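Step one of this worksheet: look at the structure below.
Protein chains in written order, with the numbering used here: chain A, 57 to 377; chain B, 559 to 919.
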C-alpha cells in the first residue's frame, strides 16, 4: 500500500471538502473529468455543487475566488499548469495579495500550481513560478517536496487566512510514493533537514530536493557528508534553519529549478551572505535552470534544469574551494 | 434569457411602474437620486479645489457628467443586501449606496481613521464587509470579483433577492478581464448588473481608437446576456432603464449590461485639462450636464422646487465642509507605528501537536 504525491493532493482536497463547508474547488476540467492530472478525481461526484468546471479564464477564476473569499468561503483554484497563472497574475498579485494590507480583510484562497518540468512538456507546460509570486508582498508560497507535505501543507494552506500559492511539482505527481501520508507535521514556515551532513549544505525545494539527495548520496561514496535542507515554504523563508546548517558546514549551494535571474536561490544566498557571512568557508553558490525558455526535447530539457550530475559538479567545486 | 437591446428608450413617465420594488415612490426615488447627484457634485468640486491648492496626496478623479447613471444605480440597489463595486467615477453611486462622505474625505486626505488608513488613496476605497469591494486600478478586474461574491452567496444559499453591480468605462471594455468576467457571470447565470459608462474617452483615447463595433451594447448579445442602451445624461431615462436591468437580474434572468452614453465633464483626473476633447463633442447632445437636465426634470415634473434645490445645495455644502474639516484634523498615518506586514498570518507558526488534520470550524 503506497500513496503518490498526487494522491496525497487529492486526499487533502477530499478531507478539506468533507471537514470544511467553506471549501469549494474551481478550475478547468476538474469536475467530471477529474482534472488534467486527476488531482480532483471523483470529487465532483462525492461533493455535488462543491467542485466546478471553470471557463478558460484564469483572470476571472482568481477574481471569482477573491469574491468568494470576501463572502467567507475558502476556494481552492486549480490552474491547469502553473504557466497559465501568468494570465491570472494581475488578480493574484494586485487583487488578492494587496487586499489584507489595504482593507484589513484577508483573502483566504489557495491557488494550486502544477509546476516544474517533465520530459517533453516544453516552454509553456514546465515553468516554476514560485520566485515571481514570492516577490510580491501578501502571498504565502509553498513548495512541498514530499508526499506527506503535499497532503499536510495543502490542508494547512486552506486553513491560513492569506492567499497561498501552492506549487506542486508535476514530476513528483506519480514518481514520488510513500507508505502513507504520515509525516513529521512541521508547520508552514519551517524548513526540514532532510539529509544530515557536515561538509556542505544544499538548500533546495520541491523536486530539486530529490535531485540534491541523489547527488549527496553519490558524493557519500567519496566520503563527503552533504546536508540537504528542504525549504518546504519559500515564503515565509526559514532562513534560521539554513543559517544553522551553514554554521555546521561552512559551505552553501542553493538549488532551484526556476530561471537563474533572481528568484529563490538568489534570495537564500543573499540572506546567508548578509546574516551569516562569517559562517562561510567558501563563496556561496547557486545552481538553477538555464536562462532560456524550458526546451521541449527530453535531451535538451535534461540539460536545462539542475540534475544530480550538475549538482555533484557544483558541490565538488564548492567542497574543494 | 436572451438579449434585450432596447435601443430606443420609451420616454418615461412618473406614473409608470415603480422604479424600485422597495417602499419608495417614483417621486421619492428621483428626489433621492438627485440628492446623491448633487452631493457628489458639490463634494467633487471641493476635492478639485483641494487638489489645486495642493492639499491632496496623489490624484483626484471626478465623476462629473456621470452622476445620473451612478446615483441611479446606487439608489436602486438595496443597502445591506446587494453588492456594489464602484469604479473611478462613482462618487454619486457610492453616496447613494450609503458610503459616508467621511470615507471619501478621509481617504483623499490620508486620515488614519478612514477605511484605507492611508494605505490606499482616493477612489481606491470601500467596505467589503458591507458589500462595497475595493477597486484596484486594473480595469475590468472587479467584474469577476462581484461574480465571485454572487457565486459564493449561491453556494451559501443566500443569493435569493441579491444582485451585484459594478461599473466600467468604455476603456475597460477592451480588457481581457472584462471579457473573462462577463463570460463567467453569463455561464453561471449570476444576477450581475454591469454598467458601462461610455464617456467617449478612456483617459485621452476616443471611442474610435477603443473599439470597432457600432455600439458597445451589441456585445451583450454575444455574451448571451441582457443589454440596454440609455442616454446617460437623462435622469428619467436612467431611472427607467437601470432599474429595469436590476429588476431582471433580481428575477433570475442572468447578467444585464447597461451601456450609458454620456461625456466625461472633466479630465481623466484633475491634472488633465482634457484639451483633446473636440469642441463639437462638448457641444453635442451628450455633452450636456446631467445635473442641469435632472434639475429641470425635477422642477418641470413638480418633484422639487428651485427653492428646495437651493436649500439642499446649502445643506450639502455644509456637510461637505464638515467632512473635509474633520478629515483634515485627523491624524495621518505614522510610519513608525505602521504594522508593516502584508500577511494576516503571523509566522512562525507553532509546531502542531497532533497528527490529525485540523478540522476547521
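All C-beta atoms, glycine included, are put in the ideal place defined by N, C-alpha and C. Bear in mind the structure is a predicted one, so any value in this text is a computation, not a measurement.
Pairing residue 148 of chain A with residue 189 of chain A gives a Cβ-Cβ distance under 8 Å.
Our two residues, residue 602 of chain B and residue 848 of chain B, have alpha carbons roughly 15 Å apart in a direct line.
With its beta carbon at least 8 Å from every one in chain A, residue 794 of chain B lies outside the interface. For residue 707 of chain B, the residues of chain A that pass the 8 Å Cβ criterion are 123, 124, 126 and 127, in the order they occur in the chain. Looking at the DSSP output, residue 311 of chain A bridges to A:343. Taking C-beta separations shorter than 8 Å and ignoring five residues to either side along the sequence, the partners of residue 78 of chain A in its chain run 128, 129 and 130, following chain order. Residue nearest to residue 126 of chain A within the set A:201, A:158 and A:162 is A:162 (criterion: CA-CA distance).
Just so you know, the alpha carbons of residue 351 of chain A and residue 331 of chain A end up roughly 37 Å apart.
In this chain, the alpha helix (DSSP H) harbouring residue 123 of chain A covers 114-126. For the segment 635-704 of chain B, the continuous beta strand (DSSP E) assignments of 3+ residues that do not extend past its boundaries occur at 641-643, in sequence order.
Collapsing the DSSP output to three states places residue 791 of chain B in coil. Residue contact check for residue 741 of chain B against chain A: a CB pair falls below 8 Å. Membership of residue 251 of chain A in the beta strand (DSSP E) is indicated by the continuous run 248-251.
Against chain B, the beta carbon of residue 196 of chain A has neighbours under 8 Å at 901 and 903, listed in chain order.
Spatial neighbours of residue 739 of chain B in its own chain (CB-CB distance under 7 Å, excluding positions within 5 residues in sequence) are listed in chain order as 698, 701, 702 and 705.
Taking a C-beta distance under 8 Å as the contact criterion, residue 893 of chain B and residue 670 of chain B do not qualify as a contact pair.
Contact annotation for residue 193 of chain A against chain B: 899, 900 and 901 [CB-CB distance below 9 Å, chain order].
The shortest C-alpha to C-alpha distance from residue 371 of chain A to any of A:292, A:167, A:290 and A:254 is the one to A:254.
DSSP, reduced to helix, strand and coil, places residue 111 of chain A outside both helices and strands of the structure shown, so it counts as coil. The shortest C-alpha to C-alpha distance from residue 597 of chain B to any of B:713, B:819, B:885 and B:877 is the one to B:877. In this structure, residue 665 of chain B and residue 673 of chain B form a Cβ contact; the two beta carbons are roughly 7 Å apart against a cut-off of 8 Å.
Per the Cβ contact rule, the segment 212-219 of chain A is not in contact with the segment 317-325 of chain A (fewer than 3 Cβ pairs under 8 Å).
Beta-carbon to beta-carbon, residue 170 of chain A and residue 224 of chain A are separated by about 6 Å, close enough to satisfy the 8 Å threshold. Residue 629 of chain B and residue 829 of chain B have their C-alpha atoms spaced approximately 25 Å apart.
Distances from the CA of residue 89 of chain A to each of A:80, A:109 and A:334 were compared; the closest alpha carbon is that of A:109. Counting only the Cα atoms, residue 881 of chain B lies some 14 Å from residue 613 of chain B. Between residue 60 of chain A and residue 335 of chain A a beta carbon distance of about 38 Å is seen, past the 8 Å cut, so the two are scored as non-contacting. In this structure, residue 120 of chain A keeps its C-beta atom at 8 Å or more from the C-beta atom of residue 736 of chain B.
The three-state reading of DSSP puts residue 756 of chain B in strand, counting E and B together. Closest in alpha carbon position to residue 187 of chain A, among A:124, A:221 and A:259, is A:221. Take the alpha-carbon of residue 793 of chain B and the one of residue 637 of chain B: they are about 21 Å apart. Taking 8 Å as the CB threshold, residue 678 of chain B lines the interface with chain A. The residue among B:783, B:886 and B:798 with its C-alpha nearest the C-alpha of residue 810 of chain B is B:783. When only Cα atoms are considered, residue 866 of chain B and residue 760 of chain B end up about 36 Å apart. Listed along chain A are 146, 147, 150 and 151, each with a C-beta nearer than 9 Å to that of residue 696 of chain B. Annotated as proximal: residue 594 of chain B and residue 650 of chain B, with beta-carbon spacing under 8 Å.
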